């Protein structure tokens, strides 16, 4: 979450967070006694009203890996600007080999997104959006690329405040 100018961190207390499981991977470690299996889970939590976070959990069994991932996700919650159930403007995000493009859509469009991007956008509470995921399909990197795009979003009110001008001047020059 570092490197972004206007990121508003959120405390998990008092929020009704819903968790979405993005993916579970079985990891194998070969030892002299044979193979040791572990699991890693990536989870996105959100309140459906602009607050979202993601987390990674690792354990020897699936249930505790998911529980650890949810705890991790609650530690890095951020607020995303939403306008009428969609985004303020289009944005590109990148992390590793994954690239994500998200674009606001008119009311009634729905969430046009695949897998990991869909989980993040639904957790944020965005109802109408178009998106395209390019490059790597690794769910870890796709989730982080989606967060990269979302954290770069700025509402018109934020821009007006940063520039020290009225909201009308932002739109009318």
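In the working numbering, the protein residues as written are -19 to 153. Every residue gets a Cβ at the ideal spot worked out from N, C-alpha and C, and that includes glycine. Just so you know, these numbers come straight off a predicted model, no measurement behind them.
Next on the checklist: Contact between the stretch 60 to 68 and the stretch 96 to 114 is defined here as three or more beta-carbon pairs at a separation below 8 Å; is this criterion met?
Outcome noted: Contact between the stretch 60 to 68 and the stretch 96 to 114 is present, because at least three Cβ pairs lie under 8 Å.
Checklist entry - DSSP three-state call for residue 89: helix, strand or coil? => result Note: residue 89 maps to coil in three-state DSSP.
Checklist entry - Mapping DSSP to helix, strand and coil, what is residue 71? => result Residue state, collapsed to three classes: strand.
Checklist entry - By how many angstroms is the C-alpha of residue 31 removed from the C-alpha of residue 139? => result Those two C-alpha atoms are separated by around 20 Å.
Item to check | Three-state secondary structure assigned by DSSP to residue 146 | outcome: In this structure, residue 146 counts as coil in the three-state DSSP scheme.
Checklist entry - Does any heavy atom of the ligand SAH sit closer than 8 Å to the C-beta of residue 38? => result Among the ligands in the structure shown, none appear at all, so the ligand SAH cannot be discussed.
Next on the checklist: Pull the bridge partners of residue 54 from the DSSP assignment, please.
Outcome noted: DSSP lists no partner for residue 54.
Checklist entry - beta strand (DSSP E) containing residue -5: first to last residue? => result DSSP places residue -5 outside any beta strand (DSSP E), giving it a letter other than H or E.
Checklist entry - Which class does residue 134 belong to by DSSP, given the choice of helix, strand or coil? => result Residue 134 falls in the coil class under three-state DSSP.
Item to check | Other residues of its chain near residue -4: CB distance less than 8 Å, five sequence neighbours each side excluded | outcome: Sequence-distant partners of residue -4 (beyond 5 residues in either direction) whose C-beta falls short of 8 Å from its own C-beta, in its chain, are 27.
Next on the checklist: Quick check on residue 65: does DSSP put it in helix, strand or coil?
Outcome noted: In the structure shown, residue 65 sits in coil (DSSP, three-state: anything other than H, G, I, E or B).
Checklist entry - Are the stretch 106 to 124 and the stretch 82 to 96 touching, with three or more C-beta to C-beta distances below 8 Å? => result Under the Cβ criterion (8 Å, minimum of three pairs), the stretch 106 to 124 counts as touching the stretch 82 to 96.
Next on the checklist: Do residue 69 and residue 127 have their beta-carbon atoms positioned less than 9 Å apart in this structure?
Outcome noted: No, the Cβ-Cβ distance between residue 127 and residue 69 is not below 9 Å.
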